């Protein structure tokens, strides 16, 4: 195993702990050669001390960040999506210089096929999963749920210091918007930043992604077109759903014939069943 390479995710809300544990376990199941390191701030740990015990119980590595990137309250109150207020520490992955290469994965992802090949991709490799299906052609910028990064000292601060410029153009912004702004020239000039949607497949678009791109969820006999990473973004995080919500979810997807999405959630619940607090 190359100790200079690692997967990284961010835990900034206790509500996402189960998501982190499922992600970590999914990497082990697909026999990845590389560990997963969970980033947390010292302030977050002080308020959620038992989380450390849980991570240790499941043998998940973690790193404590001494500082935190926070938007001042007087500015963040204008942000409608409050969940983004606590995700700016994702930017700190760009400064983890103890590693030569990092593959960042959001904590609401599930790895279902080995993705170690991503470590062979160049710095600033992303997927624009939703841009590859009809109706979402304008979503053509990188999605930061999956990022291949070669860290450099000082980069996180340089990205974050642009938040006021970005907010002046877009009140409800996130870490992703800051990354888009800071690296806009690189994304324009670096034509090979994009990898297929199989590495970051939005589950709410999964049926479209599979149908329009010829992908599949055939994990019994996986091949090049088999989805590797499922991204449970936007809404309906599986580990936060109660029984009533799950029943309604399945009914709605059956009515709308979203069979691949149903398959993805069933797969996630199978992984989730192995997590016990």
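Numbering (the numbering used here), first residue to last: 40 to 316.
Note that the Cβ used here is the ideal one computed from N, Cα and C, for glycine as well.
These numbers come from a predicted model, not from an experiment.
Distance between residue j and residue i (C-alpha atoms, nearest Å)
i, j, result
"residue 314", "residue 95", "13 Å"
"residue 202", "residue 217", "7 Å"
"residue 44", "residue 110", "30 Å"
"residue 68", "residue 144", "16 Å"
"residue 304", "residue 178", "24 Å"
"residue 207", "residue 221", "15 Å"
"residue 309", "residue 164", "30 Å"
"residue 281", "residue 297", "20 Å"
"residue 212", "residue 130", "14 Å"
"residue 269", "residue 277", "12 Å"
"residue 87", "residue 80", "11 Å"
"residue 91", "residue 77", "10 Å"
"residue 260", "residue 252", "18 Å"
"residue 293", "residue 250", "17 Å"
"residue 39", "residue 182", "Examination of residue 39 is not possible in this model, given that the chain is present from 40 through 316 alone."
"residue 231", "residue 283", "44 Å"
Among the options, the one whose alpha carbon lies nearest that of residue i
i, options, result
"residue 286", "108, 47, 274, 301", "301"
"residue 102", "46, 110, 57, 150", "46"
"residue 52", "162, 64, 127, 172", "127"
"residue 265", "282, 240, 275, 274", "240"
"residue 235", "167, 212, 108, 186", "167"
"residue 291", "275, 204, 279", "275"
"residue 151", "188, 125, 65", "65"
"residue 125", "49, 56, 133", "49"
"residue 60", "75, 70, 71", "75"
"residue 133", "82, 174, 85, 198", "198"
Cβ neighbour criterion (16 or more within 10 Å) applied to residue i
i, result
"residue 136", "exposed"
"residue 312", "exposed"
"residue 210", "exposed"
"residue 184", "buried"
"residue 121", "Any reading at residue 121 is ruled out, since the residue's pLDDT is 49, under 50, leaving its predicted position unreliable."
"residue 204", "exposed"
DSSP three-state assignment for residue i, whether helix, strand or coil
i, result
"residue 100", "strand"
"residue 132", "helix"
"residue 266", "coil"
"residue 182", "strand"
"residue 163", "coil"
"residue 252", "helix"
"residue 151", "coil"
"residue 140", "strand"
"residue 115", "Bear in mind that the predicted position of residue 115 carries a pLDDT of just 49, short of 50, making it unreliable; the figure below should be weighed with that in mind. Three-state result, residue 115: helix."
"residue 109", "coil"
"residue 172", "coil"
"residue 274", "coil"
"residue 198", "helix"
"residue 188", "strand"
"residue 314", "coil"
"residue 291", "helix"
Residue i CB to nearest heavy atom of the ligand ADP below 7 Å
i, result
"residue 295", "Questions concerning the ligand ADP fall outside what the structure shown contains, since it holds no ligand whatsoever."
Completely contained alpha helix (DSSP H) runs for the segment 202 to 250, where each covers 4 or more residues: 202 to 208, 214 to 221, 223 to 228
Ordered list of beta strand (DSSP E) runs contained in the segment 40 to 107, each at least 3 residues: 44 to 49, 75 to 80, 100 to 104
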